[in-house]
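J.: Counting from 1, position 214 in the sequence shown corresponds to residue 214 in the working numbering; the numbering is continuous, with no gaps.
I'd like to ask some things about the structure below.
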Amino acid sequence: MKRILLPAVAMLGGLLCLAADTAPERPAGIPDDYQLVYRQDFADAKAIADFVFTDPSCWAVAEVGGRKGLAYTGKADYKPKVRSPLMIGLLKGLKVQDFVLEADIRQTGKEYGHRDACIFYGFTDPSHFYYTHIATKADPHAHNIFLVDDAPRTAIAAETTKGVDWGKDVWQHVRLVRRGSDGTIEVYYEDMSKPVMTAKDTHFGWGWVGFGTFDDEGIVTNVRLWAKEAKKEPCPFFKAKEQGK
């Protein structure tokens, strides 16, 4: 698939998310040669068409705390080939390699050690991808950067904190920095000056990105994807949400 530079925010699912001349200011920490290739606030319920899911019935555009977002609840009817998260929603039309992905995430589940939200990237197929598991408490299976390489997920973070405080009825701002060209992975939570996790890995380069959870619930909005370059390429796996269902 031909690589392309996208001078404006991507059009996916028939929705032009943002015109280039109305783009917001570049946040601190975004490289000068990166462009805003996707933006979504889910003001229109049709924005769900930009994504594909392991189980579409668990996903919907909803309003929580006065803000609309892409919400995921329930138990996903999905059995991966290898042990890995069950609730996955991928941005279906773009692949990136060197990028910064930002979003506001509200964890709506109960408090416990593995209370989480996940960010997916380098997604090549359902058995080959990375995901970042942001959780209340770190242990060998939580609050880490994981590699899924045709085998059960493996923690690969070089550094992590002891966990995060998702709080109750609050939004948290998250940033993922990925440079597939040199293997860099950095995860930021609220404080954009200091990562809560870091890793170096070059198993996967170009891939789809998305959000979800291992088996929890939450809602995501204010999605911003900045990339050095991007490929327009449809995701050949998972399913879209049918309108009205």
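All C-beta atoms in this analysis are idealised placements derived from N, C-alpha and C, irrespective of residue type, glycine included.
Per the DSSP calculation, C235 is bridged to which residue(s)?
T.: DSSP, once it has assigned bridges, lists no residue as partnering C235.
J.: Pull up the distance between the alpha-carbon of D182 and that of P85, whole angstroms please.
T.: 26 Å
J.: Within its chain, find whatever has a CB closer than 6 Å to the CB of V196; leave out the 5 residues flanking it on each side and keep chain order.
T.: T161, V187 and Y189
J.: Spatial neighbours of T124 within its chain, please: CB distance less than 6 Å, with the 5 preceding and 5 following residues excluded, ordered by chain position.
T.: Counting only Cβ-Cβ distances below 6 Å, and skipping sequence neighbours, we find F204 and G207.
J.: Closest to G218 by C-alpha separation, out of R26, A62 and Q243, would be which residue?
T.: A62
J.: Just the C-alpha distance for K200 and E159, rounded to the nearest angstrom, thanks.
T.: 10 Å
J.: Under a Cβ-count criterion, where at least 16 other Cβ atoms within 10 Å of its own Cβ denotes burial, should D21 be classed as buried or exposed?
T.: With a pLDDT of only 37 at D21, under 50, the local geometry of the prediction cannot be trusted, and the value read off the model is given with reservation. Exposed is the call here.
J.: What is the DSSP secondary structure of K46, counted as helix, strand or coil?
T.: helix
J.: How would you label K2, buried or exposed, when you count the other beta carbons within 10 angstroms and need 16 or more for buried?
T.: Any answer about K2 is weak, because its pLDDT of 39 lies below 50 and its placement is not dependable; what the coordinates show is given next. Within a 10 Å sphere around the beta-carbon of K2 sit fewer than 16 other beta-carbons, which makes this residue exposed.
J.: To the nearest angstrom, report how far apart G180 and Y130 are at their CA atoms.
T.: 11 Å
J.: Is it buried or exposed, G89, if we count other Cβ atoms within 10 angstroms and call 16 or more buried?
T.: Label assigned to G89: buried.
J.: Assuming V82 and Y34 make a contact with CB atoms under 8 Å, what is their CB distance in whole Å?
T.: Contact doesn't hold; Cβ gap of about 32 Å is too wide.
J.: In whole angstroms, give me the CA-to-CA distance for T73 and K95.
T.: The alpha-carbon atoms of T73 and K95 are separated by roughly 26 Å.
J.: When the distance is taken between beta carbons, is Q40 closer than 8 Å to I105?
T.: no
J.: Which residues mark the beginning and the end of the beta strand (DSSP E) in which F214 is found?
T.: Per DSSP, F214 is not a residue of any beta strand (DSSP E), being assigned neither H nor E.
J.: Which residue's Cα is closest to the Cα of D139: Y121, D169 and R115?
T.: R115
J.: Runs of 3 residues minimum, wholly inside the segment 109-195: which ones carry the beta strand (DSSP E) assignment?
T.: 116-125, 128-135, 144-149, 172-179 and 184-189
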